[in-house]
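For reference, the structure discussed in these notes is given below.
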Amino acid sequence: GCDCLITQLFVDNRFYFDFVGRARAAGIAVPILPGIMPVTNLDQLKRFTSMCGASIPEELMRRLEQAPSVESVREIGIDHAVRQCGELISRGASGIHFYTLNQSKATREILARIRSKDWGVA
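Under the numbering used here, think of the first position of the sequence shown as 1184, with each following residue one higher.
Structure below.
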């Protein structure tokens, strides 16, 4: 057996909640930690999601593609990750696994923003 599971990266929380529902229905009771990759580079996001078969929500892709600068892409990506984590936490995820890819600064920013908000959980 195992103590917990970690998902591959995903950008759309629907896939995590669907996976958890199917896992629970199959009798898997261990915590399932969502795998989040901070988006700091659009080409990298496209490459990684393509490799693992994940999809990028249309609205997020539109915003990233229309971003006027690399810094804007990074800010949009960090904001998305904060919202993603907030929903995951408020809907019962027992933790978050970050795929940092040597982007610890972005991950630290996400954690600071998450900690500064009230997600409705203890």
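From the three backbone atoms N, C-alpha and C, an ideal C-beta is built for every residue, glycine too.
Apart from the 5 residues on each side of it in sequence, Asp1186 sits with its Cβ closer than 7 Å to the Cβ of Val1213 in its chain, given in chain order. In this structure Ile1211 is not in contact with Leu1192, their Cβ atoms being roughly 20 Å apart against a cut-off of 8 Å. In this structure Cys1235 is exposed. Its beta-carbon is surrounded by fewer than 16 other beta-carbon atoms within 10 angstroms. Only residues of its own chain outside the window of five on either side were considered, and among them Ile1261, Val1265 have a CB closer than 8 Å to the CB of Arg1296, listed in chain order. Per DSSP, Phe1202 has no beta bridge partner at all. With a minimum length of 4 residues, the unbroken runs of alpha helix (DSSP H) contained wholly in the region 1218-1279 fall at 1225-1235, 1241-1249, 1253-1273. Secondary-structure assignment with DSSP links Ile1189 through a beta bridge to Leu1216.
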